[in-house]
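Undergrad:
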Amino acid sequence: MIPAYLRALEQALSFDRKLAHRVCQEVEMHLLDAVAADAAVDRREAAHRAIARFGAPEAMARQFAGVSLIRHARACAASIVMIVFAVFLAMKARLHWYSVTQWTISPDDKSLAQVVLSIDRYAFWISVLLGVLGYLMLSPRKLVTADPRNLRTTNLFCALATGALALSVVTDALLTGLQLRGWEMGAAAALPLFTMICEIAGVGFLGLRLLWLLRRTRAAAALLGP
Amino acid sequence: MQGMDRERRKPPLDTMVLAALAAGPAHGYAIIEDIKRSSGERFALPEGTLYPTLHRLEQAGLLSSRWVPAPAARRRRVYALTKPGKRALIEHGPAWQGIASVIAVIDGLLGPASARRKRA
């Protein structure tokens, strides 16, 4: 009877596997303690009573859903802010490297580079703004009250910030291509290429993180209701 | 009274759980039993509500938790108050004591003595 209840609880908490594993272990110990303390009646009846006191697995999972989603959305927004900062450092390192090596864009490409650069700047600052706003919308107080009201907005801001950052990285890659065009690919090109790979990896990680967040939210939506 | 107003907006369960942990770290089952014993078996905290509350308070930084070994190669999750948790309890405890004394007065007015007065 207890294993069946724990399976149902794990299924209800499937929006957060790590949490489900932890909660099921805690609940199992609790139920075993309750059955052991209820020695006057037979064990099956004691287990039945202990499980009845816990209530429906879905009702319990619903209480976990708000906090779990808020925590993951906050972590996603924090990751965006950190990766945006890392991208900023990578861009600055590249620019510094170009000035040290005296690499310049060829005059033919300068007008195109200006357009790409302005798109890059706008996309980058939009991602900064949305990432910070997304993080601030879910204050730690929301964890105390498990209030999921701003969750959708934060998820939307996280998605838009990731999109804007991806655009910024694409334009960075274009600018790096323009910068390196016509120059011999030697050891000096290693730093710009390395920083570009780091930026792409950072955005890829954010994309995956966002995907997990949206999957969790979708899985928990049925529990939380409209 | 302002403190009491603020307290009325806060879930009493949070303060109850924090107070149950004031004596020292404990696992979920022990918290339930402690609350039941303290209320003279009159109040039984719903088990299905306790664990989400513990998790929520932990995420909010008011509690910390760790696994400790239990018999039969199992583990128990033991919860303890953190510094902010102790601060929250010190802050909110007196307001709840105020509410409790008001309830005691109301209970007294509506209780057997009041019924005797009406009969007289």
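Protein chains in written order, with the working numbering: chain A, 276 to 501; chain B, 36 to 155.
In this text, a Cβ means the ideal position worked out from N, Cα and C, and glycines have one as well.
Here the structure is a predicted model, which means the values were calculated and not measured.
(1) Determine the burial state of residue 355 of chain A: buried for a count of at least 16 other Cβ atoms within 10 Å of its Cβ, exposed for fewer.
(2) How about residue 495 of chain A and residue 353 of chain A: do their beta carbons lie closer than 8 Å?
(3) Consider the Cβ of residue 329 of chain A: report whether some Cβ of chain B lies at a distance smaller than 8 Å.
(4) If we cut at 8 Å on Cβ distances, does residue 63 of chain B have a partner in chain A?
(5) Could you tell me whether any Cβ in chain B is nearer than 8 Å to the Cβ of residue 286 of chain A?
(6) In chain order, what are the residue ranges of uninterrupted beta strand (DSSP E) at least 3 long that sit wholly in the stretch 457–496 of chain A?
(7) Using DSSP's beta-bridge definition, name the partner residues of residue 110 of chain B.
(8) So what does DSSP say about residue 44 of chain B, is it helix, strand or coil?
(9) Under 8 Å, do residue 359 of chain A and residue 426 of chain A count as touching if we go by C-beta distance?
(10) For residue 330 of chain A, report the span of its alpha helix (DSSP H) as first-last.
(11) Going along the stretch 57–88 of chain B in order, which residues come within less than 9 Å of chain A, judged by CB to CB distance?
(12) What number of angstroms, rounded off, separates the C-alpha of residue 429 of chain A from the C-alpha of residue 122 of chain B?
(13) Keeping to the same chain, check which residues put their C-beta closer than 6 Å to that of residue 66 of chain B; ignore five residues upstream and five downstream.
(14) Please list, in chain order, the chain A residues whose beta carbon lies closer than 7 Å to that of residue 109 of chain B.
(15) Taking the alpha-carbon of residue 277 of chain A as reference, which of A:310, A:296, A:292 and A:473 has the nearest alpha-carbon?
(16) Determine the extent of the alpha helix (DSSP H) in which residue 425 of chain A is found, giving its start and end residues.
(17) One question on the structure: do residue 335 of chain A and residue 281 of chain A come within less than 8 Å of each other, judged by their Cβ atoms?
(18) Just tell me which of A:372, A:379 and A:437 has its CA closest to the CA of residue 400 of chain A.
(19) I need the DSSP call for residue 393 of chain A, collapsed to helix, strand or coil.
(20) State the CB to CB distance for the pair residue 435 of chain A and residue 395 of chain A, rounded to an integer number of angstroms; the pair is presumed to be in contact (CB under 8 Å).
(21) Answer with yes or no whether the minimum CB distance from residue 90 of chain B to chain A is below 8 Å.
(22) Which word fits residue 53 of chain B, buried or exposed, when buried means at least 16 other C-beta atoms lie within 10 angstroms of its C-beta?
(23) Since residue 339 of chain A meets chain B, which of its residues come closer than 9 Å, beta carbon to beta carbon?
(24) Just to confirm, is the Cβ distance from residue 409 of chain A to residue 432 of chain A under 8 Å?
TA: Based on what the coordinates show:
(1) With 16 or more other Cβ atoms inside 10 Å of its own Cβ, residue 355 of chain A counts as buried.
(2) Contact: no.
(3) yes
(4) Under the 8 Å criterion on CB atoms, residue 63 of chain B is classed as interfacial with respect to chain A.
(5) no
(6) none
(7) Note: residue 110 of chain B sits in a beta bridge opposite B:104.
(8) Confidence is the limiting factor: at residue 44 of chain B the pLDDT is only 48, short of 50, which leaves the residue's position unreliable, though a coordinate-based value still follows. In this structure, residue 44 of chain B counts as helix in the three-state DSSP scheme.
(9) no
(10) Counting along the chain, residue 330 of chain A sits inside no alpha helix (DSSP H), nor does DSSP assign it H or E at all.
(11) 62, 63, 64, 65, 67, 68, 79, 81, 82, 83, 84, 85, 86, 87 and 88
(12) 30 Å
(13) Excluding sequence neighbours, residue 66 of chain B sits near 55.
(14) 304
(15) A:310
(16) Here residue 425 of chain A belongs to no alpha helix (DSSP H), and DSSP marks it neither H nor E.
(17) No, Cβ-Cβ distance for residue 335 of chain A and residue 281 of chain A is not below 8 Å.
(18) A:437
(19) helix
(20) Actually they do not touch by this definition, with Cβ atoms about 17 Å apart.
(21) yes
(22) buried
(23) 86, 87, 90 and 91
(24) yes
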